[in-house]
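Before any comments, here is the structure.
Numbering (this note's numbering), first residue to last: 28 to 411.
Take a look at the structure:
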């Protein structure tokens, strides 16, 4: 048995349960077993009103670690379960069928998947306690973890979407973030970002206001659509950060050389916006046990930027140029892939923290920003 601390730090793997409405009682038994085993069952019972049913099925499956169809004579008559299995396979989500009724496993499915047989559905509607105990012992966290890791070594690959241009990237960030805010409101959304000054140096004020004007001072004015989407990006990520906390790896020494004589004004504006964000934060995030942490790394690759929100989506930009924004951004919802990237991010974060004997507090980074703003102000005054 895992210790309490181990159980608390383990990933609560999302398992999407697909079932026929005639098997609702059996689905509840399976859900309760998964919860007892520190796993996170999800199903269409959590779907949001006002959003398309089919769209939500696709999104919930895409975000799942495991797809678990409940197989019975009723489900075999429904085309939905089989369509959903196809969706899971297309998204490289491991499929673990639970057969709850005798003689109900389709022959083609037997050949494709190794199912768990647990006869929870009987003629007299009496569920044998022995079946529940055996299923509980089969659906443990270590067994699900093993299944996920085995699937990672399989021939199929996760699905990615690509945003080539900066505007596309920003619009997709807002879409992905809005999606998880609507569909996964209770799921953890710790905000991780490595690159540049982070999304929090984007102003949350009016796109027509002074902050945005100084942000691009002397350069080509950005189109309204981009500024509006940048503002939305900042606002929704700040919402996640205030609730769940963040881990940021940033570089406070970007010079914006391509802006030439206006570089100092642009740098001052962006550092001021970031400082304003940090000053406006509460002492700690809303969720208990969450933290605000920042590492300053002057050696960050300025052409690479990665954002990870919880284990719900990841966006990695592989080409970026100061003044032109980030390009070639790859997005994925594939939970197992995101989990591996989280491990890499946290390892890097801890290495920098140890190497620099770093204080990761907000107060520390505000002090560093203040020092740089003072230097910039002195340089600007010397030009007068």
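No residue lacks a Cβ here, since even glycine has one placed at the ideal position from N, Cα and C. Being a predicted model, the structure only gives us computed values, none of them experimental.
(request) Could you check which residue in 320, 364, 277 and 360 has the C-alpha nearest to that of residue 330? (result) 277
(message) For residue 319 and residue 372, which I take to be in contact (beta-carbon distance under 8 Å), what is that distance rounded to the nearest angstrom?
(response) The pair is not a contact, with the Cβ atoms about 16 Å apart (cut-off 8 Å).
(request) With DSSP as the reference, label residue 65 as helix, strand or coil. (result) Under the three-state reduction of DSSP output, residue 65 falls in the coil class, being neither helix nor strand.
(request) Give the secondary structure of residue 218 by DSSP, where H, G and I count as helix, E and B as strand, and everything else as coil. (result) strand
(request) Taking 8 Å as the threshold, find out whether the stretch 172-189 comes into contact with the stretch 47-58 through three or more Cβ pairs. (result) no
(message) Here's the rule: buried if 16 or more other CB atoms are within 10 angstroms of the residue's CB, otherwise exposed. What is residue 80?
(response) exposed
(request) Go ahead and label residue 117 buried or exposed: buried means 16 or more other beta carbons lie within 10 angstroms of its beta carbon, across all protein chains shown. (result) exposed
(message) Suppose you measure from the CA of residue 397 to the CA of residue 297; what does that come to, to the nearest Å?
(response) 12 Å
(request) To the nearest angstrom, report how far apart residue 125 and residue 214 are at their CA atoms. (result) 25 Å
(message) In this structure, how does DSSP classify residue 354 when only helix, strand and coil are distinguished?
(response) strand
(message) Are the CB atoms of residue 242 and residue 353 within a distance shorter than 8 Å?
(response) Between residue 353 and residue 242, the CB-CB gap reaches or exceeds 8 Å.
(request) Kindly list the residues whose CB is nearer than 6 Å to the CB of residue 404, restricted to its own chain and excluding five residues on each side of it in sequence; keep chain order. (result) none
(request) From the DSSP output, in three-state form, read off residue 40 for me. (result) coil
(request) Per DSSP, which residues does residue 96 bridge with? Please list them. (result) 45
(message) Suppose you measure from the CA of residue 228 to the CA of residue 303; what does that come to, to the nearest Å?
(response) 9 Å
(message) By alpha-carbon positions, which one of 307, 301 and 85 ends up nearest to residue 113?
(response) 85
(message) So that I know if they touch, is there some Cβ in chain B lying closer than 8 Å to that of residue 208?
(response) Among the protein chains of the structure shown there is no chain B, as only one such chain exists.
(message) Can you check which of these residues, 269, 185, 257 and 186, is closest to residue 217 by C-alpha distance?
(response) 269
(request) Note down the Cα distance separating residue 64 from residue 95, rounded to an integer number of angstroms. (result) 15 Å
(request) Would you kindly work out how many angstroms separate the C-alpha atoms of residue 287 and residue 328, rounded to a whole number? (result) 21 Å
(request) Assign residue 402 to one of three DSSP states: helix, strand, or coil. (result) helix
(message) On the CB-based measure, 16 or more other CB atoms within 10 Å of its CB, does residue 313 come out buried or exposed?
(response) exposed
(request) Report buried or exposed for residue 34, applying the criterion of at least 16 other Cβ atoms within 10 angstroms of its Cβ. (result) Confidence is the limiting factor: at residue 34 the pLDDT is only 45, short of 50, which leaves the residue's position unreliable, though a coordinate-based value still follows. Exposed, by the Cβ-count rule.
(request) Going by DSSP, name the residue or residues bridged to residue 332. (result) 344
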